[in-house]
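Residue numbers (UniProt numbering): 1 to 132.
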């Protein structure tokens, strides 16, 4: 991380996702979703700074994806469990789609990413100036 980089969010999936899946994990039918929620809670880390997005996963954190906001084309979110958490889908200019699952404060983070992406576009005088 750069010396002057400010962190907006640094954490894993929302704890409620794990809690709900553990409660429903009593059912044999829900057991695969419970295992997935536990793995996601233990292995996934998301960091949104004023310079870039970092997604870390894998058993030892070896799966890492970093990208700058100038690479972001679009951001969409889907609320989950009454809107307490949600999934982000970040589309990149090269066609890749990055999924961040079960993020707390998903609306605020999506708005932050959109604002940073708009400010990072070349020739953009003011953040959010579209079509001018």
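Beta carbons are placed, not taken as given, at the ideal position from N, Cα and C, and that holds for glycine.
Run the CB neighbour count on residue i, radius 10 Å, all protein chains shown included, and call it buried at 16 or more, exposed below.
i, result
"residue 81", "exposed"
"residue 88", "buried"
"residue 83", "exposed"
Please report the distance separating the alpha-carbon of residue i from that of residue j.
i, j, result
"residue 123", "residue 39", "42 angstroms"
"residue 64", "residue 45", "10 angstroms"
"residue 109", "residue 120", "16 angstroms"
"residue 112", "residue 53", "11 angstroms"
"residue 78", "residue 98", "14 angstroms"
Which residues in the same chain have their Cβ closer than 6 angstroms to the Cβ of residue i, if we skip the five residues on either side of it in sequence?
i, result
"residue 216", "The structure shown does not extend to residue 216, since the chain spans only 1 to 132, so no value can be given for it."
"residue 14", "85, 102, 104"
"residue 5", "49, 51"
"residue 93", "71, 73"
Tell me which same chain residues have a C-beta within less than 7 angstroms of the C-beta of residue i, skipping the five on either side of it?
i, result
"residue 35", "none"
Is the beta carbon of residue i sitting closer than 7 angstroms to the one on residue j?
i, j, result
"residue 67", "residue 8", "no"
How about the region 103 to 118 and the region 69 to 77: do they share at least three Cβ pairs that are nearer than 8 angstroms?
Judged by pairs of C-beta atoms under 8 angstroms, the region 103 to 118 touches the region 69 to 77, as three or more such pairs exist.
Given 8 angstroms, three or more beta-carbon pairs between the region 27 to 38 and the region 46 to 60:
Output reads no: the region 46 to 60 does not touch the region 27 to 38.
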